[in-house]
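Engineer: Before I ask anything, let me first share the structure, which is written out below as structure tokens.
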Amino acid sequence: MSTAIVGEGRGDVADRATAGFRQRYGTEPAGRWAAPGRVNLIGEHTDYNDGFVLPFALPLRTVVAAAPGPDGRWTVWSELDDEPVEFGAEAADEPGRVDGWAAYVAGVVWALRAAGLDVPGARLAIASDVPVGSGLSSSAAIESAVLAALVDLGGLDLPTERWPRLAQRAENDYVGAPTGIMDQSAVIRGVQGHALFLDCRTEEVEQIPFDLDAAGLAVLVVDSRAPHRHADGEYAARRRSCERAAATLGVAALRDVPTADLDAALARLDDEETRRRVRHVVTEDQRVLDTVALLRAGRVRDIGPLLTASHASMRDDFEITVPEVDTAVEAALTAGAHGARMTGGGFGGCVLALVDVDAADTVARAVADAYAERGFAAPGTLTVQPAGGVTRM
Ligand code: ADP
Ligand code: MG
Numbered sequence: 047m048s049t050a051i052v053g054e055g056r057g058d059v060a061d062r063a064t065a066g067f068r069q070r071y072g073t074e075p076a077g078r079w080a081a082p083g084r085v086n087l088i089g090e091h092t093d094y095n096d097g098f099v100l101p102f103a104l105p106l107r108t109v110v111a112a113a114p115g116p117d118g119r120w121t122v123w124s125e126l127d128d129e130p131v132e133f134g135a136e137a138a139d140e141p142g143r144v145d146g147w148a149a150y151v152a153g154v155v156w157a158l159r160a161a162g163l164d165v166p167g168a169r170l171a172i173a174s175d176v177p178v179g180s181g182l183s184s185s186a187a188i189e190s191a192v193l194a195a196l197v198d199l200g201g202l203d204l205p206t207e208r209w210p211r212l213a214q215r216a217e218n219d220y221v222g223a224p225t226g227i228m229d230q231s232a233v234i235r236g237v238q239g240h241a242l243f244l245d246c247r248t249e250e251v252e253q254i255p256f257d258l259d260a261a262g263l264a265v266l267v268v269d270s271r272a273p274h275r276h277a278d279g280e281y282a283a284r285r286r287s288c289e290r291a292a293a294t295l296g297v298a299a300l301r302d303v304p305t306a307d308l309d310a311a312l313a314r315l316d317d318e319e320t321r322r323r324v325r326h327v328v329t330e331d332q333r334v335l336d337t338v339a340l341l342r343a344g345r346v347r348d349i350g351p352l353l354t355a356s357h358a359s360m361r362d363d364f365e366i367t368v369p370e371v372d373t374a375v376e377a378a379l380t381a382g383a384h385g386a387r388m389t390g391g392g393f394g395g396c397v398l399a400l401v402d403v404d405a406a407d408t409v410a411r412a413v414a415d416a417y418a419e420r421g422f423a424a425p426g427t428l429t430v431q432p433a434g435g436v437t438r439m
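Under this note's numbering, the first residue of the sequence shown carries the number 47, and numbering increases by one thereafter.
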């Protein structure tokens with residue numbers, strides 16, 4: 047049998063944040079702020095090629111219970127770690143001074159202060175249903191929930207359009223993790239029943255109707271539980287390869303190669319591996335655009351083949367899949383999914399499958415059975431609908 051991604055019997059996440067706050071600080075929180083995880087429906091390794099992505103927010107959330115604290119001091123506790131972490135403005139102002147998980151919190155304080163905002167001292171308690179390190183962006187969830195709490199507590203004048211960039215800076219420049227703008231955009235700007243079409247060059251966003259429920263559909267998310275093998279080095283290699291190819295082709299980024307010119311572009315590249323890398327990126331951008339067009343036309347079920355084609359492209363051309371995710375995709379398709387693909391940077395992480403609502407359990411079981419047959423650790427599974435972004439509760 048499959049196991050749930052979210053631990054059962056842990057109680058409501060908002061209640062856990064409140065209880066943690068009371069226990070830690072002996073008072074009531076002034077409020078609670080919640081931010082979701084996210085999953086990318088389609089558009090993989092297109093972000094750093096200035097292309098398109100289409101993530102949506104998940105119904106799993108990270109909740110921050112918070113109250114004002116002494117000026118220039120922040121104390122933060124997370125249920126992931128017994129020990130609270132306390133830091134002052136000096137530490138927040140120097141990227142790297144606060145390390146470990148609390149760096150995601152200090153990074154937000156830093157980014158807000160660096161933007162010239164008067165961040166209030168605060169006490170925070172954090173609980174989360176977003177699995178950590180599975181590729182569902184628990185990092186953007188914690189950053190965004192903390193950002194919302196600090197903005198509200200301080201009455202800061204900061205329009206939400208600016209939030210994704212600040213949360214991203216916290217992760218890039220304070221934590222030191224080089225990520226694009228997708229995660230924070232989805233987590234902050236997500237709208238229930240919609241996916242977020244994001245142009246990574248212009249950072250323009252558009253809400254695309256993605257009402258799975260109305261279509262009798264759901265997305266099954268499978269945590270592949272594959273051990274991450276060489277993911278960082280491989281990611282850097284793919285990125286370099288794309289940048290070199292763009293330079294050879296005389297374009298700013300691979301996004302500038304139109305699908306119609308793909309064959310001509312490939313003919314100008316002299317090694318086979320680079321040709322495959324470029325073909326993935328150019329066709330993947332096109333698949334995002336095609337997916338958006340189908341969703342705009344209300345043809346939700348018809349996006350299935352695009353998801354499956356995206357997986358094949360990641361497997362054969364970009365070479366970023368591993369046996370666990372290939373097994374999950376194949377098993378899901380055999381069991382009746384309309385489409386399935388690995389989502390995220392690769393070498394593990396999650397798979398998503400578009401399924402009829404009433405087939406979700408069957409597909410989940412088929413994936414678990416295929417895993418058992420291959421001797422893989424049991425996958426986590428979760429059925430989701432697109433949810434809303436960060437909120438004050
Ligand atoms: P992902 O975003 O895919 O879950 P990342 O490696 O980007 O994985 O981010 C995970 C890190 O974010 C954790 O190792 C931890 O440092 C931090 N983090 C996320 N959620 C929490 C939380 N609820 N409490 C404490 N730290 C968290
Ligand atoms: Mg992350």
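Each residue gets a CB set at the ideal place from its N, CA and C atoms; glycine is no exception. Owing to the predicted nature of the structure, the values given are computational and were not obtained by experimental measurement.
Under three-state DSSP, which class holds D139?
Structural biologist: coil
Engineer: Looking at the structure shown, is V217 part of a helix, part of a strand, or coil, going by DSSP?
Structural biologist: Just to set this straight, residue 217 is Glu in the shown sequence, not Val. Note: E217 maps to helix in three-state DSSP.
Engineer: Measure from the alpha carbon of G153 to the alpha carbon of each residue in A137, P166, G162 and V109, then state which is nearest.
Structural biologist: A137
Engineer: Output yes or no for whether 8 Å exceeds the beta carbon distance between A148 and Y220.
Structural biologist: no
Engineer: Does the Cβ of L263 have 16 or more other Cβ atoms within 10 Å, making it buried, or fewer, making it exposed?
Structural biologist: buried
Engineer: Using the C-alpha atoms, what's the distance from A232 back to P114?
Structural biologist: 28 Å
Engineer: With a cut-off of 8 Å, do at least 3 Cβ pairs link the segment 103-121 to the segment 425-438?
Structural biologist: yes
Engineer: Can you tell me which residues form a DSSP beta bridge with N5?
Structural biologist: Given that the chain is displayed from residue 47 to residue 439, the structure contains no residue 5 and the question cannot be resolved.
Engineer: Just verifying my parser: in three-state terms, what is the DSSP assignment at C246?
Structural biologist: coil
Engineer: Helix, strand or coil for I366? Go by DSSP, reduced to three states.
Structural biologist: Coil at I366, not helix or strand.
Engineer: The beta strand (DSSP E) spanning D122 covers which residue range?
Structural biologist: Asp is not the amino acid found at residue 122; the sequence shown has Val there. Counting along the chain, the beta strand (DSSP E) containing V122 begins and ends at R119 to S124.
Engineer: Sort G57, P141, E365 and R68 by Cα distance to A223 and report the nearest one.
Structural biologist: P141
Engineer: Alpha carbon to alpha carbon, what distance is there between I349 and G391?
Structural biologist: 21 Å
Engineer: Hey, would you say V266 sits closer than 8 Å to V368, going by beta carbons?
Structural biologist: For the sequence presented, residue 266 should be read as Leu rather than Val. In this structure, the beta-carbon distance from L266 to V368 does not fall below 8 Å.
Engineer: For S48, count neighbouring C-beta atoms within 10 Å of its own C-beta (all shown protein chains included) and say buried if the count is 16 or more, exposed if not.
Structural biologist: The predicted position of S48 is uncertain, since its pLDDT is 44 and thus under 50; no value can be drawn from it.
Engineer: To the nearest angstrom, how far is it from the Cα of D61 to the Cα of A111?
Structural biologist: 9 Å
Engineer: Below 8 Å, can you find three or more Cβ-Cβ pairs linking the segment 396-414 to the segment 192-203?
Structural biologist: The segment 396-414 is not in contact with the segment 192-203.
Engineer: So the alpha helix (DSSP H) F67 belongs to, where does it begin and stop?
Structural biologist: From DSSP, the alpha helix (DSSP H) with F67 extends over V59 to Y71.
Engineer: Bridge partners for E132 per DSSP, in chain order?
Structural biologist: T121
Engineer: So, under 8 Å CB-CB, L341 and P210 are touching, yes? Tell me the CB distance rounded to an integer number of Å.
Structural biologist: 22 Å between Cβ atoms; not a contact.
Engineer: Using only the heavy atoms of the ligand MG, determine whether one of them is closer than 7 Å to the beta carbon of A186.
Structural biologist: yes
Engineer: What's the C-alpha gap between M439 and E330?
Structural biologist: 37 Å
Engineer: Exposed or buried, what is R201 when buried is set at 16 or more other beta-carbons lying within 10 Å of its beta-carbon?
Structural biologist: The displayed chain sequence assigns Gly, not Arg, to residue 201. With fewer than 16 other Cβ atoms within 10 Å, it is exposed.
Engineer: Counting along the chain, where does the beta strand (DSSP E) carrying A76 start and finish?
Structural biologist: Unbroken run through A76: none, as it is neither H nor E.
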